[in-house]
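Peer 1:
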Amino acid sequence: MAVPHRQNGFTEDEEVELEWEDEGDEDDSDEEHELLEEGWIDLGEDDLDVPRDLRAVMTAAELGDVDALRHALDNLNGSIDQSAEDGDTALHLACLYGYMPCVQLLLERRASLDSKDEDGAIPLHDACAGGFVDIVQALLDAAENKDHLKNLLDTADVDGDTPLHHAARGTHVEVVQLLLSAGASPSLPNVLGKTPADLAEPDTEVRRVLDSAVRASIAS
Numbered sequence: 001m002a003v004p005h006r007q008n009g010f011t012e013d014e015e016v017e018l019e020w021e022d023e024g025d026e027d028d029s030d031e032e033h034e035l036l037e038e039g040w041i042d043l044g045e046d047d048l049d050v051p052r053d054l055r056a057v058m059t060a061a062e063l064g065d066v067d068a069l070r071h072a073l074d075n076l077n078g079s080i081d082q083s084a085e086d087g088d089t090a091l092h093l094a095c096l097y098g099y100m101p102c103v104q105l106l107l108e109r110r111a112s113l114d115s116k117d118e119d120g121a122i123p124l125h126d127a128c129a130g131g132f133v134d135i136v137q138a139l140l141d142a143a144e145n146k147d148h149l150k151n152l153l154d155t156a157d158v159d160g161d162t163p164l165h166h167a168a169r170g171t172h173v174e175v176v177q178l179l180l181s182a183g184a185s186p187s188l189p190n191v192l193g194k195t196p197a198d199l200a201e202p203d204t205e206v207r208r209v210l211d212s213a214v215r216a217s218i219a220s
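This is the structure:
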C-alpha cells in the first residue's frame, strides 16, 4: 500500500500539480500535448518512469481532479488497471487519498477491485486505512456477488492484514462496523498472529466493537 503524501512513481520531492506549463517534452505523445495545452496535467522529468499512456490517469487520480481523470480515461489507450512502479492502480490512489468522485468514476469504468499493489493490498485496504466510510461502502457495493464480497473482505496483504486490520489500526470505528456488518471476520490473524482487535488501541470504541464481535462469533 502506498503511503499518503508520498509521490507514487511520479516525483520524490515535488508534488505534481494540475497546472499548464509552457515547456513540454517533444517526445511526449500527441495525447499528452493535448492534455498539457488544456491545462489538465503537469509532467516533470521523474514522471517519465510511468508508462506514457498512464501518466495523466495516475496524476489526476492522485490529486483528485475528477474532470481531468475523466478526460484522461477517455484518451487512455491501455487498461484502466495498469499500475505505477509500486503497483498502485488509479483506483488504489483515489481510495488512498479519499477522492470519492474519482472512485465513483473509476468504478463506473469497471476498474478492478482485486488489483494488488507491491504490498499485496487491494484498493479496499487503502480506503479502510484512511477511514473513508463512503468509499469503503462504494467498494463493497461494487462486489459482483456474495463470494466476491467475501474474498475482498478476507484479502490479506503481505503482512497478513485484511482490510479490517487496517481499519482497526487506524481506529476508524465506522469503517470497522461497516466491515463487520458486511461479513468481515474479526478473528483472522495476520502473519504475526495478531487479530484486528489486537491492533486496536486499548480502551477505545474500536477495541470494544471488535472484542464484542469476537465474542459473538465464538458464541455462534
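Under the UniProt record's numbering, the first residue of the sequence shown carries the number 1, and numbering increases by one thereafter. Positions of the beta carbon are idealized from the N, C-alpha and C atoms, including for glycine.
(1) Helix, strand or coil for Ser212 per DSSP?
(2) Just how far apart, CA to CA, sit Glu26 and Ala68?
(3) What is the DSSP secondary structure of residue 221, counted as helix, strand or coil?
(4) Relative to the C-alpha of Arg109, which candidate in Asn77, Arg70, Asn190, Ala121 has its C-alpha closest?
(5) Looking at C-alpha atoms only, which residue of Ala61, Leu96, Leu178, Thr171 is the closest neighbour of Ile80?
(6) How do the segment 120 to 135 and the segment 83 to 96 stand: do at least 3 beta-carbon pairs fall below 8 Å, yes or no?
(7) Using the Cα positions of Leu153 and Pro163, report the straight-line distance between them to the nearest angstrom.
(8) Would you mind reading off the limits of the alpha helix (DSSP H) that contains Arg169?
(9) Leu188 lies in the alpha helix (DSSP H); which residues open and close that run?
(10) If you compare alpha carbons, which of Pro202, Leu188, Glu201, Thr204 is closest to Val214?
(11) Helix, strand or coil for Thr195 per DSSP?
(12) What residue does the alpha helix (DSSP H) around Pro101 start on, and which one ends it?
(13) How do the segment 168 to 187 and the segment 196 to 215 stand: do at least 3 beta-carbon pairs fall below 8 Å, yes or no?
Peer 2: On the basis of the coordinates in this document:
(1) Position 212 of the sequence shown, counting from 1, holds the residue named residue 212. It is helical.
(2) Locating residue 26 in the sequence shown gives position 26, counting from the first residue. Locating residue 68 in the sequence shown gives position 68, counting from the first residue. Note that Glu26 has pLDDT 43, beneath the 50 cutoff, so the model's placement of it is unreliable and the number below is only indicative. Using only the alpha carbons, I get a separation of about 22 Å.
(3) Look at the range of the chain in this structure, 1 to 220, and you will see that residue 221 is not part of it.
(4) In the sequence shown, the residue the question calls residue 109 occupies position 109. Of the candidates Asn77, Arg70, Asn190, Ala121, the residue whose Cα lies closest to the Cα of Arg109 is Arg70.
(5) In the sequence shown, the residue the question calls residue 80 occupies position 80. Looking at the Cα atoms, Ala61 is the closest of the given residues.
(6) Touching, yes, given that three or more Cβ pairs across the two stretches are closer than 8 Å.
(7) Residue mapping note: residue 153 aligns to position 153 of the sequence shown, counting from 1. Residue mapping note: residue 163 aligns to position 163 of the sequence shown, counting from 1. Looking at the two C-alpha atoms, the distance is approximately 6 Å.
(8) Numbered from its first residue, the sequence shown carries residue 169 at position 169. For Arg169, the uninterrupted alpha helix (DSSP H) segment begins and ends at 163 to 169.
(9) Taking the sequence shown and counting its residues from 1, one reaches residue 188 at position 188. Careful: Leu188 lies outside any alpha helix (DSSP H) and carries neither H nor E.
(10) The residue labelled residue 214 in the question sits at position 214 within the sequence shown. When only C-alpha atoms are compared, the closest one is Leu188.
(11) Position 195 of the sequence shown, counted from the start, is the residue given in the question as residue 195. For Thr195, the secondary structure class from DSSP, reduced to helix, strand or coil, is coil.
(12) Locating residue 101 in the sequence shown gives position 101, where the first residue counts as 1. Annotation for Pro101: the continuous alpha helix (DSSP H) segment containing it runs 100 to 108.
(13) With a cut-off of 8 Å on Cβ pairs, the segment 168 to 187 is in contact with the segment 196 to 215, counting three or more such pairs.
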